[in-house]
Amino acid sequence: MSKIRILIIIALISLFISSYVIILIPFSDFGEGGFKTVLSYCISICFYLFLILGYILFIVANQKRKKQKLTKKNRYKLKPGIIVFFSSLWGSIADIILIMSVVMVAMLMIFPNVFSDLIKYILIATFIFSVHMHSIFNGVNYRVAFLLSKTGDCKIKDKK
17 MSKIRILIII ALISLFISSY VIILIPFSDF GEGGFKTVLS YCISICFYLF
67 LILGYILFIV ANQKRKKQKL TKKNRYKLKP GIIVFFSSLW GSIADIILIM
117 SVVMVAMLMI FPNVFSDLIK YILIATFIFS VHMHSIFNGV NYRVAFLLSK
167 TGDCKIKDKK
């Protein structure tokens, strides 16, 4: 497995942890003291630590990808992931989850008393994670590392 793929997989795990640690917020409290205060600090630290780690790993993966030279034929396929939708199977799954989570978060805003607190945090965590996944699975690094090089459509050559 290439270094870029490994970096992307570890970054995905980091962003997953960062997004879903939010679910623990209802069990924490800064004002109460004791265990709940410690849990509050741990949630905050984990959220930011894994978020920063995930994006640092993507920056490193992006730099490694840029050191490689793609054939001219495939440059048109390499648009930023934030503006591309349904570009791969995993990208399509991430896009569908993103659309569903936007609808659910909108419902949460319109009808705040319908959902329990835990469901609210799960929806928000899913929304955050789906935004990350949309950008990643439709992005340049994912397409070069997992799709184009695998199918042979993309010839990766080292720059001299």
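This note's numbering puts the first residue of the sequence shown at 17, with every later residue one more than the last. For glycine and all other residues, C-beta sits at the position ideal for the given N, C-alpha and C. Keep in mind it's a predicted model, so treat the numbers as computed, not measured.
Within 10 angstroms of the Cβ of Ile61, are there 16 or more other Cβ atoms? Answer buried if so, exposed if not.
exposed
Mind checking whether Ile24 and Ala110 have CB atoms under 7 Å apart?
Their beta carbons are not under 7 Å apart, which means Ile24 does not touch Ala110 by this criterion.
Using alpha carbons as the reference points, say which of Val121, Val156, Phe51 lies closest to Ala141.
Val121
Quick test of your reading: Asn154 and Gly107, contact by CB under 8 Å. State the CB separation rounded to the nearest angstrom.
4 Å
Looking at Ala27 and Gly70, is the spacing between their C-beta atoms short of 7 Å?
yes
Alpha carbon to alpha carbon, how far is Lys80 from Val119?
36 Å
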